[in-house]
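Asks: With the first letter of the sequence shown counted as 1, position 145 gets the number 756 in my numbering; the numbers rise by one all the way through.
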Amino acid sequence: MTESTDRYRELAQAPLEGGYPTPEAARTLQEEAYFQRAVQTWLWSLPALNMVAMKKGHERTSGVGHNVMAVYEKRLKPNTVITTPNSDVIYGLTFADLAVSGPLIIDAPPKLQALMDDFWHRPLTGPEIDGRRYLGDVGIPGPDHGKGGTYLIVPEGYTGEVPDGAFVFTSPTNGVFIFVRGFFSSVDDLAPGVAAIEGITIRPLNGEAEPMRFEHVSDVAADALFAHDASSFDLLDEFIQGETVDSVDPYMHGMLAAIGIRKGGTFAPTARQRELLDQAATTAWKIAKTDAASFDEHPSARWWEDRHWVAHVLTHPDDFMHTLLDEQWRDRTTGHTDVVAKAHMFVNHYSISTGMMTSVVGMGAKYGNAYKDADGQFLRGERTYRIDLPPDPPANLFWSITVYDAETASGVDADGQEYPSLNGMNDVPLNEDGSISLFVGPNPPEGATNWLKTVPGRGWFSLYRFYGPKQEFFDREYTVGDFIRVE
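#1: Consult DSSP for N661 and reduce its assignment to one of helix, strand or coil.
#2: If I follow the unbroken beta strand (DSSP E) through W1071, where does it start and stop?
#3: Please report the straight-line C-alpha distance between W940 and G1035, rounded to a whole angstrom.
#4: Counting only runs that start and end within the segment 1035-1070, where is the beta strand (DSSP E) found for 3 or more residues in a row?
#5: Would you call the segment 747-757 and the segment 720-729 touching, i.e. three or more CB-CB distances under 8 Å?
#6: When the Cα atoms are used, what is the spatial distance from G760 to P754?
#7: What's the call for S796, buried or exposed, on a 16-neighbour Cβ count within 10 Å?
#8: Using the rule of at least 16 other Cβ atoms within 10 Å of the residue's Cβ for burial, across every protein chain shown, is P1067 buried or exposed?
#9: Can you look up I751 in the DSSP assignment and give me helix, strand or coil?
#10: Is H933 helix, strand or coil when you go by DSSP?
#11: Taking only beta-carbon atoms, is E628 less than 8 Å away from chain C?
#12: List the endpoints of the continuous alpha helix (DSSP H) containing P861.
#13: From I717 to I813, what distance separates their C-alpha atoms?
#14: Using C-beta distances below 6 Å, list every residue in its chain close to N1007, excluding the 5 sequence neighbours before and after it, in chain order.
#15: Measuring alpha carbon to alpha carbon, tell me which residue in E643, D699, V679 is nearest A707.
#16: Does DSSP put V1023 in a helix, a strand or coil?
#17: Output needed for Y961: all residues of its chain with C-beta closer than 6 Å, excluding positions within five of it in sequence on either side, in chain order.
#18: Apart from the five residues on each side of it in sequence, which residues of its chain come closer than 7 Å, Cβ to Cβ, to F1077?
#19: Helix, strand or coil, according to DSSP, for D942 in the structure here?
#20: Going by the C-beta, is E819 closer than 7 Å to any heavy atom of the ligand SAM?
#21: Taking only the alpha-carbon atoms, compute the straight-line gap between H933 and L627 and give it to the nearest angstrom.
#22: Note down, one range per segment and in chain order, each alpha helix (DSSP H) of at least 4 residues found wholly within the segment 839-926.
#23: In this structure, does DSSP put W1010 in helix, strand or coil?
#24: Secondary structure at P634, three-state DSSP: helix, strand or coil?
#25: Based on the DSSP output, what are the partners of H827 in its beta bridges?
#26: Tell me which residues share the same chain as F1072 and place their Cβ nearer than 7 Å to its Cβ, disregarding the 5 neighbours each side in the sequence.
#27: If you reduce the DSSP assignment to three classes, tell me which class L627 lands in.
#28: Suppose you measure from the CA of G987 to the CA of V921; what does that come to, to the nearest Å?
#29: Excluding the 5 residues flanking A820 on each side, which residues of the same chain have their C-beta closer than 6 Å to its C-beta?
#30: Buried or exposed, going by whether 16 or more other CB atoms sit within 10 Å of the CB of E684?
#31: Between the C-alpha atoms of P1002 and D1086, what's the straight-line distance to the nearest angstrom?
#32: Compute the Euclidean distance between the alpha carbons of E1105 and P783, then round it to the nearest angstrom.
#33: To the nearest angstrom, how far is it from the Cα of V1023 to the Cα of D775?
#34: Within a Cβ cutoff of 8 Å, which residues of the same chain sit near N1042, ignoring the five residues on either side of it in sequence?
Here it is in structure tokens:
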């Protein structure tokens, strides 16, 4: 019998005398309830913890305000600790507060690709046009279709002015995350991607607009990662106190209250409760990390049954053109949240919109994670692997392969490696048949230039990205290879 089994047996056998617990049993069971509720609350609130940590991390490096945008003008490097960033586009990130600014106008330039999430990482609800509801997307995947346009962000229940021709998006929270991507066609000329981002304007509907400030931060070290100790509950309390009362998940908000966090209340855990909160946060984080690392065992998670690549959003097993979950990780049939899939997403990633999971050929992007090699073993930094991509990866814009640290989910930070990714714009040599072989490991195989460096003693995982996925992907005519261990 294991120690953990003994613990569960002890809980189950806590003595009740005539239906009432003994003082010792009451103490044990009450602490266990507090711990378990804290674990489940941490997992449930992970999307918000992720978002608020990003906000605070970027405000420390860039400043505060809807008009202040952090721009990764030289692409995103491992010196920014944040979950699974894309090093093959230009990023622009800003965080707005409707309680401060009131309704906001976004003037989107042509050819923009952006999204808007609330602070629970839910896409803002946009207009329904020709039978299609837009959720979070701006620009190319949004209602302006890349032609440029005016967007109005309003709080729920808004009945005020709407400028002519504006696309109205509603946020359930005061906090709004605006996330912009800029594309370039050459890794030697990033200016078009930067210019695409810096063409955006964000201003209040009413009152004077402040000039946009685009803070270049590629070379600025930043930590935008959520904590997994007791301090994460302090952050959660700060978030709850400063936000609107959310109407979703009343039971889980009750769990939040049961550990002492409620709107208008004072969060004051005892010394013992803080010990339990510390252990609960670490336990919950490890549960989420285990959910992610083992996600290939989840039904319908794999893109291909004979590969270990898994989808952010579960796919229909017989039809790549459809997903089993919606933009809030709810089963499309039952409406129930897939808690494992959601934990996988927000412990290792952030942001969602319809464009990130669209089934429209050539629109948005498709992503795959690999945590294991072809033999089902976790990917390790001291080992060397080869991955093969068949000829002509099915992406209208670009394809990429990126390696991430298994613990932080930020780009692998290996000495001498500026970017933890390779993409179709790099000078990647082709095999005779047009296929592509990439190597990942602590040292390059002899003569290999198509190599990504890892750190011995550190686990890592990978993402492939196909921006503008082609029909061949959805038809299963194209299959990304597994990571194969080589000597």
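Every residue, glycine too, gets a C-beta built ideally from N, C-alpha and C.
Replies: The relevant details are as follows:
#1: helix
#2: 1071-1080
#3: 31 Å
#4: Runs of beta strand (DSSP E) with 3 or more residues, each lying fully within the segment 1035-1070, are found at 1047-1052, 1062-1064, listed in chain order.
#5: Segment contact: the segment 747-757 against the segment 720-729, three or more CB-CB distances shorter than 8 Å; contact assigned.
#6: 9 Å
#7: It counts as exposed.
#8: exposed
#9: coil
#10: strand
#11: The question asks about chain C, but that chain is absent: this structure has only one protein chain.
#12: 861-869
#13: 5 Å
#14: For N1007, where only same-chain residues beyond five positions count, the Cβ hits under 6 Å are G973, G1079.
#15: V679
#16: Here V1023 sits in coil by DSSP.
#17: N661, T694
#18: A976, K977, P1004, P1005, A1006, W1010, F1084
#19: strand
#20: Looking for the ligand SAM in the displayed structure turns up nothing, as the structure carries no ligands at all.
#21: 52 Å
#22: 842-853, 861-869, 882-904
#23: strand
#24: When secondary structure is reduced to three states using DSSP, P634 falls in the helix class.
#25: V682
#26: N980, A981, Y982, L990, Y1015, A1017
#27: strand
#28: 13 Å
#29: R814
#30: So E684 counts as buried.
#31: 16 Å
#32: Outside the shown range of the chain (612 to 1098) lies residue 1105, about which nothing can therefore be said.
#33: 47 Å
#34: S1048
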